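In my numbering, the protein residues as written are 54 to 378.
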């Protein structure tokens with residue numbers, strides 16, 4: 054083990070109760086955790102300037118902040134998406150950036166399926182009616198059945214495949230769009246591989262599982278919604294920026310979509326006057342699909358173990374910017 058009297062591990066920000074899982078994962082390395090509440094790139098730069106490793110959740114780890122880092126060996130993002138880290142700047146400086154893609158696969162899949170069921174069965178709307186004294190045995194018509202209908206997943210990573218397994222148990226046919234996935238994955242999970250146009254045209258329900266990149270930003274726009282099957286439902290538990298919010302508002306108001314259920318938005322937290330809040334057929338949750346008591350600890354521990362690997366002279370398992378791979 055490579056051990057130093059005091060490796061400095063900067064935690065730019067987090068929403069965790071404490072950093073005990075990180076401390077446990079780094080025990081014996083000589084690492085000292087430096088906890089911050091960074092909101093700006095300047096604050097990140099100040100905290101991380103002489104850090105040996107950086108753990109970050111939401112704070113902007115920009116090119117300017119990375120340029121100030123004089124000792125950094127690795128940057129680890131708590132979570133799957135890494136759009137708050139300038140990957141190119143880190144690559145230029147030879148710093149590997151890692152994420153934690155495997156801490157909440159089942160939780161997010163559970164949440165996505167729950168959102169789909171709630172949207173299709175109109176559970177929030179019916180529950181609200183009951184609280185208002187309205188009791189109907191066939192409420193909020195029409196409500197469609199799931200059996201024999203088609204779920205399309207945009208993206209076919211770990212979470213999407215977990216959603217497909219759940220959907221199939223409900224009697225749904227499954228198709229998937231992912232030009233980067235290996236063909237054998239579709240066969241293994243009994244999901245037909247389709248192109249983008251087919252996904253939109255044939256899916257009764259679409260579940261989004263895409264990273265946020267230039268190619269996917271606002272991929273679900275007016276054109277995409279117009280191409281979707283009339284009366285379709287949209288579920289998004291990936292990244293808010295993949296869906297054009299204004300286009301979604303139009304699609305729901307005009308009845309092109311029967312419903313939408315989102316755990317992520319382009320702007321978070323959602324503003325009080327956001328138009329989606331006024332649309333009855335839209336369900337919003339607070340970017341909480343990842344959360345369970347178990348996944349919380351896994352996220353912290355797995356992120357810290359990536360740091361430990363580097364401090365011990367190894368490489369991170371989940372590098373996303375190509376450094377050291």
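Glycine included, each C-beta is placed from N, C-alpha and C at the ideal position. The structure presented is a predicted model; accordingly, all values stated were derived computationally and were not measured.
Check                                                                                                                                                                                : Outcome
What is the C-beta distance between residue 115 and residue 94, in whole angstroms, given that I count them as a contact (C-beta under 8 Å)?                                         : 4 Å
So which of 222, 138, 191, 255 has the shortest CA-CA distance to residue 207?                                                                                                       : 255
I'd like the span of the alpha helix (DSSP H) that includes residue 381, first residue to last.                                                                                      : Since the first residue shown for the chain is 54 and the last is 378, residue 381 is missing from the structure and cannot be characterised.
Does residue 158 come out as helix, strand or coil in the three-state DSSP assignment?                                                                                               : helix
Along the beta strand (DSSP E) that carries residue 289, what are the first and last residues, could you check?                                                                      : 285-289
Looking only at its own chain, which residues have a Cβ that is under 8 Å from the Cβ of residue 203, when we skip the five neighbours before and after it?                          : 225, 226, 227, 228, 255, 256, 257, 258
Within the region 96-178, note down every full beta strand (DSSP E) run reaching 3 residues or more, in order along the chain.                                                       : 106-109, 127-130
Tell me the DSSP bridge mates of residue 226?                                                                                                                                        : 203
Please give me, in chain order, every unbroken run of the alpha helix (DSSP H) with length at least 4 that falls completely inside the region 253-280.                               : 275-280
Near residue 54, which residues of its chain fall below 6 Å by C-beta distance, leaving aside the five closest residues on each side in sequence?                                    : Any answer about residue 54 is weak, because its pLDDT of 45 lies below 50 and its placement is not dependable; what the coordinates show is given next. Closer than 6 Å at the Cβ level, and outside the excluded window around residue 54, lie 365.
Distance, Cα to Cα, residue 235 vs residue 242?                                                                                                                                      : 12 Å
Could you have a look at residue 312 and say whether DSSP puts it in helix, strand or coil?                                                                                          : strand
For the region 297-315 against the region 97-117, do three or more pairs of beta-carbon atoms, one drawn from each stretch, fall closer than 8 Å, so that the two count as touching? : no
Helix, strand or coil for residue 84 per DSSP?                                                                                                                                       : strand
Between residue 155 and residue 66, what straight-line distance do the alpha-carbon atoms span, to the nearest angstrom?                                                             : 21 Å
Sorted by chain position, which residues of the same chain lie with C-beta nearer than 6 Å to residue 271's C-beta, five sequence neighbours on each side aside?                     : 297
From this set, 280, 279, 247, 288, which residue's C-alpha is nearest residue 262's C-alpha?                                                                                         : 288
Thinking C-alpha only, which one of 277, 140, 329, 292 is nearest residue 302?                                                                                                       : 329
Take the Cβ of residue 334 as the centre, count every other Cβ of all protein chains shown within 10 Å, and call the residue buried at 16 or more, exposed below.                    : buried
Is residue 347 helix, strand or coil when you go by DSSP?                                                                                                                            : helix
Residue 87 and residue 73 - do their beta-carbons sit closer together than 8 Å?                                                                                                      : no
When the Cα of residue 277 is compared with those of 290, 253, 248, which residue comes out closest?                                                                                 : 253
Do residue 164 and residue 285 come within 8 Å of each other at the CB atom, strictly closer than that value?                                                                        : no
Look at the alpha carbon of residue 219 and the alpha carbon of residue 161, and state the distance between them as a whole number of angstroms.                                     : 12 Å
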